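Trainee: Respectively, the protein sequence lines represent chains A and B. Per this note's numbering, the first sequence runs over residues 55 to 351. Per this note's numbering, the second sequence runs over residues 17 to 230. Glycine included, each C-beta is placed from N, C-alpha and C at the ideal position. Quick caveat: nothing in here was measured; it's all calculated off a predicted structure. Mind looking over this structure? Questions follow.
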Amino acid sequence: MTAPFIGDALGPRGRRITRIVSVVSAFAVIGFIVVAIKRLGDNGQLAQAKWEPFTQGPVQRFFLEGLRTTMEVALVSMVGAMVIGAVLALARLSRTGPVRWGTTGFVEFFRGLPLVLLIFFSALGLPTYGVRLSVFWYVAIGLIIYNGAVLGEIFRAGILSLDRGQTEAAYSLGMGYWQAMLLVVIPQAARRMIPAIVSQLVTLLKDSSLGAAVAFEELLRRGRINGEFFQNPLQSLFVVAVLYIVVCFALSMVARRLEVRQRRRYRAGAIVVPGAGMDLALMGIQGDAAEASEGAT
Amino acid sequence: MSVVFDNLDIFLEGMRRTLELSVLSFILAFILGIVVAALRVSPVPPLRWASATYVEMVRNTPLLVLMFVVVFAFPSIGFTYSYFASAVIVLTAYTATFVGETVRSGINAVSTGQAEAARAIGLTFPQSLRLVVMPQALRTVVGPLGGIFIALLKNSGVAVAINVPELTSAATQLGTDTAQFIPAFLGAAAAYLLLTIPSGFATNWLERRVAIKR
Chain A
55 MTAPFIGDAL GPRGRRITRI VSVVSAFAVI GFIVVAIKRL GDNGQLAQAK
105 WEPFTQGPVQ RFFLEGLRTT MEVALVSMVG AMVIGAVLAL ARLSRTGPVR
155 WGTTGFVEFF RGLPLVLLIF FSALGLPTYG VRLSVFWYVA IGLIIYNGAV
205 LGEIFRAGIL SLDRGQTEAA YSLGMGYWQA MLLVVIPQAA RRMIPAIVSQ
255 LVTLLKDSSL GAAVAFEELL RRGRINGEFF QNPLQSLFVV AVLYIVVCFA
305 LSMVARRLEV RQRRRYRAGA IVVPGAGMDL ALMGIQGDAA EASEGAT
Chain B
17 MSVVFDNLDI FLEGMRRTLE LSVLSFILAF ILGIVVAALR VSPVPPLRWA
67 SATYVEMVRN TPLLVLMFVV VFAFPSIGFT YSYFASAVIV LTAYTATFVG
117 ETVRSGINAV STGQAEAARA IGLTFPQSLR LVVMPQALRT VVGPLGGIFI
167 ALLKNSGVAV AINVPELTSA ATQLGTDTAQ FIPAFLGAAA AYLLLTIPSG
217 FATNWLERRV AIKR
């Protein structure tokens with residue numbers, strides 16, 4: 055919900071101005087769409103021959119299988135990244151200094167690199183060192199290492215966000231470090247982290263498209279192949295973009311919904327990891343803003 | 017490691033290109049993002065919808081898809097750009113959605129009293145946004161904007177897929193030419209950290225400088 059920031063209802067003059075600007079801008083938006091469609095038509099991009107392939111069964115299967123590959127690599131990487139992330143988070147909270155320092159270095163190093171560099175290194179570099187895998191796993195390795203580092207930070211922030219009293223109470227009941235961690239801290243922290251994890255899944259799913267740059271046949275790559283074959287790159291990429299938008303938008307909505315619910319239930323902010331990428335940076339401040347607007351109403 | 021030290025000039029050139037790409041895109045994205053945010057909080061419904069549609073569509077499309085659209089699809093409707101220009105266009109459009117959302121949250125965080133006071137002294141909507149609300153909103157989002165710039169530095173690496181010579185492509189090229197990927201990779205990693213770490217410090221410094229003292 056984006057209400058204009060002007061607190062009260064507008065007066066008669068404000069309403070009149072708003073109405074006029076509304077009409078003018080509506081015409082501008084419609085005009086823009088008309089120009090865009092005309093431009094597509096003038097260049098023959100609305101011709102039936104360009105769109106007809108998408109009505110053929112084999113072409114539709116080609117795209118849907120690409121989407122399935124995208125989802126497969128995203129899910130496999132997500133699971134792998136969560137395992138790595140859990141280990142990294144626990145190691146970074148370890149009471150042994152060297153373990154903590156080593157992990158901190160590892161996490162900061164991989165979090166600071168572009169994912170595409172990791173995927174290129176994995177797909178082009180690993181074979182020269184005798185590591186031979188399918189391209190699926192090269193892409194997955196890049197995604198797992200990068201997202202493992204990011205999720206490690208999310209998990210750590212989630213654990214640290216828990217009130218100290220929980221751990222202290224567990225210790226006073228005679229639990230040891232691991233008992234307290236596994237029975238008291240992690241179950242509570244895990245619930246708070248769910249929105250951040252879903253939102254990271256969206257980022258990961260989008261990032262898996264980088265596989266197209268190393269000849270991994272996922273959705274984007276297949277869109278390119280289809281565009282070359284039928285001479286309709288614009289239409290093929292349009293279909294690819296629509297599929298990505300539908301999937302990612304739906305998942306983002308889930309993340310947002312979960313975050314609102316959690317805010318209401320725990321009266322706690324989202325888990326924010328500075329520099330974890332744009333999406334997470336965003337969740338944090340949206341949280342603050344939501345809190346601010348809650349206070350206002 | 018001698019591969020890296022013998023080819024330092026390649027890394028420096030790559031860093032320069034990456035920095036060029038990122039700074040240029042960030043400046044443009046900052047301007048576009050402010051416009052997007054202003055439209056999203058305006059009292060005019062069609063402008064709000066247009067801006068929200070833009071943000072949701074671009075934000076939920078992978079960066080590489082956008083790059084392919086500009087490089088491979090735009091020429092068929094008569095728009096042809098160089099690879100570098102394509103990368104700037106895409107990075108700007110993509111980053112602007114994040115800047116827009118960030119600035120909007122900053123605007124929402126400014127207390128309603130400010131906007132009401134601005135209206136009470138007779139300022140119009142654009143005036144009160146420009147003179148009263150926006151300056152306060154921008155100060156509160158310096159930190160997140162710095163985070164977006166660092167993410168942009170890393171995202172600019174995606175341009176390697178459309179043949180823009182920058183840091184990632186320089187390192188990949190060197191790795192392929194010498195078959196020594198690990199040194200080339202570590203060199204690129206060091207170069208990226210040399211860009212991102214100072215950006216983080218600069219953000220913190222700027223954040224302290226412009227903080228509203230209460």
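Does any CB atom of chain B fall closer than 8 Å to the CB of Ser76/A?
Mentor: Closer than 8 Å to some Cβ of chain B, the Cβ of Ser76/A qualifies, so yes.
Trainee: Run down chain A in chain order and give the residues with a C-beta less than 8 Å from the C-beta of Pro61/B.
Mentor: Residues of chain A passing the Cβ test: Ser76.
Trainee: Excluding the 5 residues preceding and the 5 following Phe270/A in the sequence, name in chain order all residues of the same chain whose CB lies nearer than 6 Å to its CB.
Mentor: These residues qualify, in order along the chain: Val189, Val193.
Trainee: Where in the region 144-193 of chain A do unbroken runs of the beta strand (DSSP E), each at least 3 residues long, occur, reported from the N-terminal end onward?
Mentor: The region 144-193 of chain A contains no whole beta strand (DSSP E) run of 3 or more residues.
Trainee: Taking only three categories from DSSP, how would you classify Tyr1/B?
Mentor: Only positions 17 to 230 of chain B appear in the structure, and residue 1/B is not among them; the question remains open.
Trainee: Could you compute how far the alpha carbon of Phe163/A sits from the alpha carbon of Pro152/A?
Mentor: Near 16 Å, if we compare the C-alpha coordinates of Pro152/A and Phe163/A.
Trainee: Pro298/A versus chain B: which residues are under 7 Å apart at the beta carbon?
Mentor: Per the sequence shown, the amino acid found at residue 298/A is Tyr instead of Pro. Near Tyr298/A (Cβ distances below 7 Å), the residues of chain B are Asn76, Thr77, Pro78, Val81.
Trainee: Evaluate Ile87/A with the Cβ neighbour count: other Cβ atoms within 10 Å of its Cβ, from every protein chain shown; 16 or more gives buried, anything less gives exposed.
Mentor: Answer is exposed; the Cβ neighbour count stays below 16.
Trainee: Comparing C-alpha positions only, which one of Tyr225/A, Ser76/A, Ser290/A, Ile195/A sits nearest to Thr109/A?
Mentor: Closest option to Thr109/A, Cα to Cα, is Ser290/A.
Trainee: Could you spell out the range, first to last residue, of the alpha helix (DSSP H) harbouring Val78/A?
Mentor: Per DSSP, Val78/A belongs to the alpha helix (DSSP H) from 66-96.
Trainee: DSSP three-state label for Ala101/A, please.
Mentor: Coil, per DSSP.
Trainee: Hey, out of Leu297/A, Glu282/A, Phe303/A, Leu205/A, whose CA is closest to Lys104/A's CA?
Mentor: Checking every option, the nearest Cα to that of Lys104/A belongs to Glu282/A.
Trainee: Pull up the CB-CB distance for Pro78/B and Leu129/A, whole angstroms please, since I reckon it's below 8 Å.
Mentor: Not confirmed; about 16 Å, so no contact.
Trainee: Could you spell out where the alpha helix (DSSP H) holding Asp25/B opens and where it closes?
Mentor: Run containing Asp25/B: 24-56, per the alpha helix (DSSP H) assignment.
Trainee: Kindly indicate if chain B contains any beta-carbon less than 8 Å away from that of Leu144/A.
Mentor: Chain B contact via Cβ: absent.
Trainee: Quick check on the DSSP output: what are the complete beta strand (DSSP E) runs of length 3 or more inside the region 145-206 of chain B, in order along the chain?
Mentor: List check, beta strand (DSSP E) in window: nothing returned.
Trainee: When the distance is taken between beta carbons, is Phe27/B closer than 8 Å to Ala205/B?
Mentor: Not in contact: Ala205/B and Phe27/B (Cβ atoms no closer than 8 Å).
Trainee: Measuring CB to CB, does Ala203/A end up less than 8 Å from Leu142/A?
Mentor: Closer than 8 Å, so yes.
Trainee: CB-CB under 8 Å to Phe160/A, same chain, minus the five flanking residues each way: which ones, in chain order?
Mentor: So the qualifying residues of the chain are Leu142, Ala203.
Trainee: Using a Cβ cut-off of 7 Å, which residues of the region 299-318 of chain A contact any Cβ in chain B, in chain order?
Mentor: Within the region 299-318 of chain A, the residues whose Cβ lies closer than 7 Å to some Cβ of chain B are Ile299, Cys302, Phe303, Ser306, listed in chain order.
Trainee: Pro78/B by DSSP, collapsed to three states: which one?
Mentor: Pro78/B falls in the coil class under three-state DSSP.
Trainee: With a threshold of 8 Å between beta carbons, is Gly116/B in contact with chain A?
Mentor: No, Gly116/B lies away from the interface with chain A (no Cβ there is under 8 Å from its Cβ).
Trainee: If you count every other CB in all the chains shown that lies within 10 Å of the CB of Trp155/A, and 16 or more means buried, which is it?
Mentor: Looking at its Cβ environment, which holds fewer than 16 other Cβ atoms inside 10 Å, Trp155/A is exposed.
Trainee: Quick check on the burial criterion: 16 or more other C-beta atoms within 10 angstroms. Buried or exposed for Trp232/A?
Mentor: When all chains shown are included, Trp232/A counts as exposed.
Trainee: Would DSSP call Asp217/A helix, strand or coil?
Mentor: Here Asp217/A sits in coil by DSSP.
Trainee: Excluding the five sequence neighbours on either side, which residues of its own chain have a C-beta within less than 6 Å of the C-beta of Gly162/B, listed in chain order?
Mentor: If we look at Gly162/B and ignore the five residues flanking it on each side, its Cβ neighbours are Thr219.
Trainee: Which residues of chain A have a Cβ atom closer than 7 Å to the Cβ of Ser92/B, listed in chain order?
Mentor: Result: Asn97, Gln99, Pro287, Leu288.
Trainee: Beta-carbon separation of Leu183/B and Thr34/B under 8 Å?
Mentor: A contact, by the Cβ cut-off of 8 Å.
Trainee: Taking 8 Å as the limit between beta carbons, can you name the residues of its chain near Asp25/B, skipping five residues before and five after?
Mentor: Excluding sequence neighbours, Asp25/B sits near nothing in its chain.
Trainee: What would DSSP say about Gly228/A, mapped onto helix, strand or coil?
Mentor: It is coil, neither helix nor strand.
Trainee: Please tell me whether Val148/B and Leu222/B are closer than 8 Å, where the distance is taken between their beta carbons.
Mentor: No, Cβ-Cβ distance for Val148/B and Leu222/B is not below 8 Å.
Trainee: What is the residue span of the alpha helix (DSSP H) that Glu106/A lies within?
Mentor: Element bounds for Glu106/A: n/a, residue is neither H nor E.
Trainee: How long is the line joining the alpha carbons of Ala234/A and Leu312/A, rounded to whole angstroms?
Mentor: Using only the alpha carbons, I get a separation of about 27 Å.
Trainee: Are the region 244-253 of chain A and the region 299-315 of chain A in contact at 8 Å, needing three or more beta carbon pairs?
Mentor: The region 244-253 of chain A is in contact with the region 299-315 of chain A.
Trainee: Quick one: measure Cβ to Cβ for Leu172/A and Ile199/A, integer angstroms, because I've assumed they're closer than 8 Å.
Mentor: Between Ile199/A and Leu172/A the Cβ distance is about 6 Å, and since that is below 8 Å, they are a contact.
Trainee: With a CB to CB cut of under 8 Å and the five nearest residues on each side skipped, what residues in its chain are close to Met12/B?
Mentor: Nothing can be reported for residue 12/B, as the shown portion of chain B is limited to 17 through 230.
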